[in-house]
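Chains as they are written, first to last, in the working numbering: chain A, 7 to 397; chain B, 7 to 397; chain C, 5 to 135; chain D, 5 to 135. The beta-carbon is built from N, C-alpha and C at its ideal position, and this holds for glycine as well. Encoded as structure tokens, the structure appears first; notes follow it.
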Ligand SMILES: Cc1ncc(COP(=O)(O)O)c(C=O)c1O
Ligand SMILES: Cc1ncc(COP(=O)(O)O)c(C=O)c1O
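Next up, the structure:
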């Protein structure tokens, strides 16, 4: 068994620890003193709870440079993606039933689109270039009169590649198609200015940025024609867009996490860039190693590398006690090679050897050095063990 | 402004404080040590997270006397109700499109049914007797060949009335209709034995029983023909019934709350009964006061009373610093008289004067005595202020 | 924040002044040997009692059945109008009270019942003084 | 718990024995002047090297490309079979290893590649000794 005391967590793209200050803010909403009250209640305690929530909304709105009333709380980016995609598709179904997305999106986006296909909508699945980037001309060519929704993620969860949501959004605007962005991996990590970006709907989640799991939000631009139909019904909470007792402690946790992120986003990026560059410098000369994605155009918290002729599962075990991912966390239990890497044109074998190192605030250069050593040694060992092809 | 130091919270049916032990269990899942890992990850940290979740599932399953694999985690009872009602209606739509529920259900039940009506399903809305109880013969008369789903709550959130889910379930079984129970108000508070009860689907939530807000579960009986279609898509979590990164700290909080509830359910009931009886004894001689519901057949944590010729909003203000509810928390922002009380045949005026006192573990006899005094004094004062009708 | 369905609802529905007036309505009650006007409308009941001496309102009392804003407005009216000219009652308007008590717009119908009552009291007083 | 999509997946996918064998595969490598059998199938490659003296397997080495269970199984086979009769190789079955290493059922195809390699080694050894 892995000795936990020496476990090195390099899977921050899957989830992050919750900042202690966030935990403190959450705790204050759970115990004693009436702060635990139901925000739907009219009495003093309920109003207090509402004030906390409003404050948190202000914090998240500030991070994204938008206003509180554009935000709907959800249980996470998966629900936000569903609310955006199913909700907008139905809201605008009279206008047209053509939808566009990419093959390299997260399952929380591809699965709702597949469901819509089953229900009679038509979906165009765009390919990226070999680095995972969407060519704007590919999108332009796919646009139709009846295209009503385009969904392209900001930062890819497997490769870290950053899409040009500014240009994509502009193109969507010209075609009167709504533009949804899954920003689960970028919220709190890359600057996002919703006042300036031509984005209609954006999904965010707290647990990728030192907030709690199980709380997210959907941004719905305050513009004519931008709206979604709800997926859940009951109570009147959140203008009927998303009912249910508001989980005040979760929301306050997200708000606090957003506040912290805003104050240190540049420092974080500097820290992550240094770690990612150190890691890549340490392994780039390993024979057969390649980056999945494009370092020059990536969120620096993620480095995804494949290596030739190495079996991925054995490599992963050889890397213990590193906690890293193969494929994305959400799919990594299946032994299938990542569909995202396959979509970039990687062979099954290469995709299968992919390791996603992802770094976070607590990661140190020493952690990275251990990771480098384990990666090099692991590959050496497995190569020594492997039959020489000629044998 | 209310002085918070003397605020007396008697709104435990709206939400409860989180037990400190639960908070501790949650905190352990959020900070350091790898416990914050994504349960979808395959590495050691991810597996640890999964183990915590499995343990919590065991705790909730034990409280309800069922097995872990009948439980699907959701964001609360609102989502569970939606998943059960929309999910079962669509799953069984080939079989029949007739559904049955009651007018006195929570909005989280009535609103999904109203939505289904808009989508072409047929809903029979049953009336209760004057106490809020469903007469089994009323249900029998409503049953049809094509009835595929019946949804009746266990404990009513406004009146505390307890429905006979054993008999209702048996009748549903005879008619091959699925039976869904909204147990948001009874889970952890009344004994529930799912191994013995003829219930197919049951919604529960943590925040009404000293757990965190924003986490619930749907019980789906492990019986042929009992199934729901998912509302959300993405990832493979929870057998594709409800995707999204599992909010481990929330689940662990629910588990811990369930564990505590199981160990003290009888003591809690004794405590609440004593408080409720004390409260009622202290106000029953106020002229014109009546119970909404039926004390003999109610969950003792709730006492809902109306009083003749008193304006409800002024009564509520006169009761400060008590935190109590008029109508249910979820609707109390609208000034409409409670639709639940209207459905029991209360006049608008009587419904409008309704105050729901609800008690919890921290409530003391002294709290109740203050509540009695404030209630009596408030009514006296308002009656003195009111014009004599003859004037 | 739609997040809360609480835009405009997150704050205390009652201003400090409304709370104070509601908590201690010093002019609540009846006045013997006085003119009285009673109005019932919008689910609100208001009775006003006035003693007028030489064209001046020397005593005012109210009874009210209604929400806290109605009670507070009635109290505020009485407190302010004692000592003023009886003829002013006829021109009384609640708009000043609506503002100073921050009465939410949806309650304006109820508060107008007070205006009706005051004006009706004004005519009664004028009628009485004509005798 | 469907709650976790983790039924049967919540526990460590590797037994302590698999971990130990994978961490230190003492029989990994080649053997000079030895018989050799190589099989490639199911995305798995295995080469086995055996030195046989008087019908007894006196030395065994393996090379493998595959998942940890494949490597662990190859190592376990080598460790156990050194010193046994060469003729046993022909009857070798992986079912014992599958069980003792708790190999998940979906991987049985890959482990069978080891069985093929061992039996093929058995025939080669027999052929060689007939000379
Ligand atoms: C790009 C992306 N979208 C959506 C999600 C789902 O987010 P959540 O776990 O909050 O449901 C994730 C992570 O799991 C992600 O990386
Ligand atoms: C009977 C009933 N059903 C459903 C709900 C909704 O539960 P949740 O707040 O967990 O969404 C509540 C409480 O709000 C309730 O009392």
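Identity of the residue in the options nearest residue i by Cα
i: residue 390/B; options: 20/C, 34/C, 21/C and 89/C; result: 34/C
i: residue 318/A; options: 107/D, 48/D, 110/D and 67/D; result: 48/D
i: residue 36/A; options: 35/B, 198/B, 26/B and 37/B; result: 26/B
i: residue 54/C; options: 115/C, 40/C and 77/C; result: 40/C
i: residue 156/A; options: 73/A, 54/A, 136/A and 179/A; result: 179/A
i: residue 255/B; options: 16/B, 20/B and 28/B; result: 28/B
i: residue 22/C; options: 273/B, 33/B, 19/B and 323/B; result: 323/B
i: residue 150/B; options: 84/B, 130/B and 357/B; result: 130/B
i: residue 279/A; options: 308/A, 247/A and 289/A; result: 308/A
i: residue 292/B; options: 380/B, 146/B and 192/B; result: 380/B
i: residue 44/A; options: 219/B, 69/B and 304/B; result: 219/B
Between the CA atoms of residue j and residue i - distance to the nearest angstrom
i: residue 102/D; j: residue 74/D; result: 10 Å
i: residue 253/B; j: residue 227/A; result: 27 Å
i: residue 59/A; j: residue 41/A; result: 11 Å
i: residue 312/A; j: residue 112/A; result: 20 Å
i: residue 131/D; j: residue 38/D; result: 13 Å
i: residue 5/D; j: residue 225/B; result: Residue confidence for residue 5/D is low, a pLDDT of 30 falling below 50, so the modelled location carries little weight and cannot support an answer.
i: residue 52/C; j: residue 100/C; result: 19 Å
i: residue 168/A; j: residue 107/A; result: 15 Å
i: residue 189/A; j: residue 74/A; result: 18 Å
i: residue 9/B; j: residue 275/B; result: For residue 9/B, the predicted structure reports a pLDDT of 46, less than 50, and the residue's modelled location is therefore unreliable. The matter cannot be settled from this model.
i: residue 95/D; j: residue 120/A; result: 50 Å
i: residue 332/A; j: residue 377/A; result: 15 Å
i: residue 235/B; j: residue 386/B; result: 54 Å
i: residue 139/B; j: residue 153/B; result: 21 Å
i: residue 114/D; j: residue 26/D; result: 16 Å
i: residue 86/D; j: residue 192/A; result: 56 Å
i: residue 321/B; j: residue 212/B; result: 31 Å
i: residue 263/A; j: residue 216/A; result: 6 Å
i: residue 43/C; j: residue 351/B; result: 28 Å
i: residue 114/B; j: residue 104/C; result: 39 Å
Buried versus exposed call for residue i [16 or more other C-beta atoms within 10 Å across all chains shown]
i: residue 125/B; result: exposed
i: residue 97/C; result: exposed
i: residue 118/A; result: buried
i: residue 383/B; result: exposed
i: residue 229/A; result: exposed
i: residue 272/A; result: exposed
i: residue 123/A; result: exposed
Residue i beta carbon near ligand 1 (any heavy atom closer than 7 Å)
i: residue 191/A; result: yes
i: residue 48/B; result: no
i: residue 250/B; result: yes
i: residue 188/A; result: yes
i: residue 87/A; result: yes
i: residue 159/A; result: yes
i: residue 211/A; result: yes
i: residue 299/A; result: no
For residue i, the three-state DSSP class (helix, strand or coil)
i: residue 22/C; result: helix
i: residue 73/D; result: helix
i: residue 188/B; result: strand
i: residue 96/D; result: coil
i: residue 127/D; result: helix
i: residue 53/C; result: strand
i: residue 36/A; result: coil
i: residue 261/B; result: helix
i: residue 50/B; result: helix
i: residue 66/C; result: strand
Residue i Cβ short of 7 Å to ligand 2 heavy atom set
i: residue 163/B; result: yes
i: residue 108/B; result: no
i: residue 84/B; result: yes
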